[in-house]
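Trainee:
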Amino acid sequence: MSAETHPQRETHSFQAEIQQLLSLVINSLYSHQEIFLRELVSNASDALDKLRFRAITEPELLKDEPALELRITPDADKGTLTIEDTGVGMTHDELVKNLGTIAHSGSREFLQALAQKGQKDVQLIGQFGVGFYSAYLVADRVDVVSRAAGETTAWRWASEAHGTFTVEPAEKATRGTAITLHLKADQKEFLDEWKLRQLITQYSDYVGHPIKLQVTRHVGSGDTQATETALEVVNKASALWQRPKSEVTDEQYQEFYKHLTHDYDHPLAWTHFKADGTQQFTGLLFVPKHPPFDLNSQQQRGVRLFVKRVFIMDRCEDLVPQWLRFVRGVIDSDDLPLNVSREMLQDSAVVRARRASRRWRTTSRA
Ligand SMILES: Nc1ncnc2c1ncn2[C@@H]1O[C@H](COP(=O)(O)OP(=O)(O)OP(=O)(O)O)[C@@H](O)[C@H]1O
Ligand SMILES: [Mg+2]
């Protein structure tokens with residue numbers, strides 16, 4: 087990577103082949119533009135998990151900002167959407183390495199370093215080192231202002247993804263990363279509060295940190311009308327299926343079932359299980375009390391797939407045989423080999439084994 091240094095601002099070029107890879111990522115990898123939000127929220131969640139992990143031995147890192155959270159701020163006047171976290175942040179060199187090198191994953195390095203020390207109690211989502219660039223599906227310019235935990239200086243990384251990015255000193259009062267997307271003219275729908283709510287609940291409802299959305303409300307009437315902004319938590323921030331069975335009540339299972347299926351009735355039975363060992367996954371599956379009205383013609387199966395609490399797909403056909411198509415619920419995997427866009431499962435031995443090995447230990451509590 088070449089770097090030209092000016093007194094304040096440095097301009098770096100992406101490597102030549104990287105430039106091609108970048109346009110491939112932006113133009114071909116993802117089929118839905120909206121997944122940029124899932125990717126940036128997942129990165130922020132990883133950054134928060136890394137901080138939480140480091141703070142076990144360095145509690146002073148939390149001093150300037152005790153909250154571990156995400157904040158999403160649409161700005162209609164500027165046409166920008168900012169995704170901010172109070173996580174580990176990045177130093178100057180980490181910004182250059184992690185965001186200037188495609189397919190370089192700081193998160194994968196973090197996990198490898200832990201594994202070498204024999205620790206593996208952190209679950210990170212990132213592994214491929216490409217998710218960040220999905221921001222360019224909807225933005226023509228991205229600014230990243232980051233201050234690493236324990237550092238006093240902050241840095242701004244900026245790029246229009248046309249071959250170069252810049253890095254310069256910046257102001258940031260507290261630890262963490264703020265990513266500002268300058269939305270393309272035809273992507274302004276991502277400033278809309280209801281659109282953002284829908285995407286957060288669809289993809290990131292169970293991410294384990296609060297996701298706060300800045301909302302604007304009109305108060306008063308006539309001459310005294312004014313606008314007020316407030317931060318509202320949008321996601322559930324807790325995945326029921328990840329809690330130990332002993333801590334979940336029947337009412338919570340029933341409520342979760344209704345939330346998941348929009349059924350007005352309680353489920354007939356459910357099974358909540360965890361598989362450990364060569365494969366790790368958690369499942370919470372429900373049998374509805376009433377057969378769906380279209381059971382005989384129904385082709386789609388009803389189990390949702392999550393990987394590390396991030397929603398991947400509805401009605402994952404590969405996990406449920408056709409005859410169990412009335413079953414509803416979730417499967418959450420730690421080790422499923424997703425392809426790089428997280429949109430498809432790779433046909434693999436893991437998936438086949440999972441389908442074959444499912445066990446039913448149903449307790450009927452109708
Ligand atoms: N909000 C953030 N805070 C701190 N570091 C971040 C943040 N966003 C990205 N990074 C760093 O940049 C790297 C690249 O992010 P990117 O999403 O492209 O890849 P990844 O998360 O490692 O893998 P994946 O492609 O599976 O998402 C991350 O591994 C992480 O080190
Ligand atoms: Mg990522």
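Numbering-wise, the sequence shown is residues 87 to 452 according to the working numbering. Don't be surprised by glycine CBs; every beta carbon is placed ideally from N, CA and C. Model, not experiment: these values are computed from the prediction.
Quick one: is R95 buried, meaning 16 or more other Cβ sit within 10 Å of its Cβ, or exposed?
Mentor: Reading the sequence shown from its first residue, position 9 is the one you call residue 95. When all chains shown are included, R95 counts as exposed.
Trainee: Would a C-beta distance cut-off of 7 Å place A240 and T168 closer than the cut-off?
Mentor: Taking the first residue of the sequence shown as position 1, residue 240 is located at position 154. Taking the first residue of the sequence shown as position 1, residue 168 is located at position 82. It is not a contact, given that the beta carbons lie outside the stated cut-off.
Trainee: Suppose you measure from the CA of L134 to the CA of S114; what does that come to, to the nearest Å?
Mentor: As a first step, residue 134 must be located in the sequence shown, where it is residue number 48. As a first step, residue 114 must be located in the sequence shown, where it is residue number 28. Cα to Cα, the separation comes out at about 29 Å.
Trainee: Out of curiosity, what's the CA-to-CA distance linking F372 and Q273?
Mentor: Indexing the sequence shown from 1 puts residue 372 at position 286. Indexing the sequence shown from 1 puts residue 273 at position 187. Their Cα atoms are separated by approximately 38 Å.
Trainee: Is the beta carbon of G186 within less than 6 Å of some heavy atom of ligand 2?
Mentor: What you label residue 186 is simply residue 100 of the sequence shown in a count that begins at 1. Because no heavy atom of ligand 2 lies under 6 Å away, the Cβ of G186 does not count as near it: no.
Trainee: Any contact between the region 274–289 and the region 232–239? By contact I mean 3 or more CB pairs, one from each, below 8 Å.
Mentor: Segments in contact, no.
Trainee: Mind the definition here: the region 411–418 touches the region 325–344 only if three or more C-beta pairs lie below 8 Å; say whether that holds.
Mentor: With the cut-off at 8 Å, the region 411–418 and the region 325–344 touch.
Trainee: Taking only heavy atoms of ligand 1 into account, decide whether any of them is closer than 6 Å to the Cβ of F397.
Mentor: Translated into the one-based positions of the sequence shown, residue 397 becomes position 311. Not under cutoff, so the answer is no.
Trainee: Please classify R124 as buried or exposed, where buried requires at least 16 other C-beta atoms within 10 Å of its C-beta.
Mentor: If you number the sequence shown from 1, residue 124 lands on position 38. Buried.
Trainee: Give every residue of the same chain whose Cβ lies closer than 8 Å to the Cβ of L346, excluding the five residues on either side of it in the sequence, and list them in chain order.
Mentor: Looking up residue 346 in the sequence shown gives position 260. Around L346: F372, R390, R414, G415 and V416.
Trainee: Quick check on this structure: which residue in K136, V230, A259 and E170 has the alpha carbon closest to the alpha carbon of L200?
Mentor: What you label residue 200 is simply residue 114 of the sequence shown in a count that begins at 1. The shortest Cα separation from L200 among K136, V230, A259 and E170 belongs to K136.
Trainee: For chain C, check one thing: does any of its Cβ atoms lie closer than 7 Å to the Cβ of S332?
Mentor: Protein chain content of the structure displayed is limited to a single chain, and chain C is not contained in it.
Trainee: Have a look at G388 and R411 and give me their C-alpha separation to the nearest angstrom.
Mentor: As a working mapping, residue 388 is identified with position 302 in the sequence shown. As a working mapping, residue 411 is identified with position 325 in the sequence shown. Looking at the two C-alpha atoms, the distance is approximately 6 Å.
Trainee: When burial is assigned at 16 or more other CB atoms within 10 Å of the CB, is A370 buried or exposed?
Mentor: Sequence index remark: in the sequence shown, residue 370 carries index 284 (1-based). It should be pointed out that residue 370 corresponds to Leu in this sequence rather than to Ala. With 16 or more Cβ atoms within 10 Å of its Cβ, L370 is classed as buried.
Trainee: Taking the C-alpha atoms as reference points, what is the distance between S307 and W243?
Mentor: Numbered from its first residue, the sequence shown carries residue 307 at position 221. Numbered from its first residue, the sequence shown carries residue 243 at position 157. Those two C-alpha atoms are separated by around 42 Å.
Trainee: Would you check if there are 3 or more beta carbon pairs closer than 8 Å linking the region 288–305 to the region 395–403?
Mentor: Flag = yes, the region 288–305 and the region 395–403 touch.
Trainee: Closer than 6 Å: is that where the CB of S128 sits relative to any heavy atom of ligand 2?
Mentor: Position 42 of the sequence shown, counted from the first residue, corresponds to residue 128. Yes, the beta carbon of S128 sits closer than 6 Å to at least one heavy atom of ligand 2.
Trainee: What residue range is occupied by the uninterrupted alpha helix (DSSP H) comprising R233?
Mentor: In the sequence shown, the residue the question calls residue 233 occupies position 147. No alpha helix (DSSP H) holds R233; the beta strand (DSSP E) holding it covers A225 to R233.
Trainee: Taking all protein chains shown into account, do 16 or more other C-beta atoms lie within 10 angstroms of the C-beta of G249, making it buried, or fewer, making it exposed?
Mentor: As a working note, residue 249 is residue 163 in the sequence shown. Exposed is the call here.
Trainee: Pick helix, strand or coil for R395, following the three-state DSSP scheme.
Mentor: Working through the sequence shown from its first residue, we reach residue 395 at position 309. The answer is coil: DSSP assigns R395 none of H, G, I, E or B.
Trainee: Can you find a heavy atom of ligand 1 that lies under 6 Å from the Cβ of D291?
Mentor: Against the sequence shown, residue 291 aligns to sequence position 205. No, Cβ of D291 sits at least 6 Å from all heavy atoms of ligand 1.
Trainee: With distances taken between CB atoms, is the gap from P296 to E155 smaller than 7 Å?
Mentor: Translated into positions along the sequence shown, residue 296 becomes position 210. Translated into positions along the sequence shown, residue 155 becomes position 69. Going by C-beta atoms, P296 is nearer than 7 Å to E155.
Trainee: Is the beta carbon of A153 closer than 7 Å to that of T172?
Mentor: Counting from one through the sequence shown, the residue named residue 172 turns up at place 86. Counting from one through the sequence shown, the residue named residue 153 turns up at place 67. In contact: T172 and A153 (Cβ atoms closer than 7 Å).
Trainee: Of the choices Q311, V301, F342 and I286, whose alpha-carbon is the least far from that of N321?
Mentor: Counting from one through the sequence shown, the residue named residue 321 turns up at place 235. Selected option, being the one with the closest Cα: I286.
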